[in-house]
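Below: the structure, in structure tokens.
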């Protein structure tokens, strides 16, 4: 096996080891020791398999470590988002490219389930993984009854 260079989400970490998920291909990598990372961090760098069995990895280079905040904000979805949601059935998702960096995901949910759906998005590791893959700096979740807007944004 060879070194893997990329962007990784730290999914689990304790004093003696950590688990990373490559945001490009979702490959899960177990580190034989913890180089000081914490769950929820995004690490850009290089990992290499450890001989002889090459089932665990070690971090050989860290280019960047950061956290990407994912939070619900007290702002209404944009007019564009509301229009998209009005044309969708509950349970549907539309992805819209942003001008510049990032994306906006428009989810239509059954009325009365908006807050629960927004909380699920904020707590979901897939949200962080997608943000890391997109290279954005923050994720903003906006809601209106029946609509959840997930905005992957640069700083």
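In this note's numbering, the protein residues as written are 94 to 248.
Positions of the beta carbon are idealized from the N, C-alpha and C atoms, including for glycine.
Going by beta carbons, residue 130 and residue 106 fall inside the 8 Å limit. Contact annotation: the segment 147-156 does not touch the segment 201-219, with fewer than three C-beta pairs closer than 8 Å. With a cutoff of 8 Å on beta-carbon distance, residue 175 and residue 135 are scored as not near each other. Here residue 204 is not near residue 167, since their CB atoms are 8 Å or more apart. Put simply, the backbone Cα of residue 162 is about 37 Å away from that of residue 146.
For residue 171, no beta strand (DSSP E) segment is defined, and its DSSP state is neither H nor E. At a Cβ-Cβ threshold of 8 Å, residue 225 and residue 152 do not count as neighbours.
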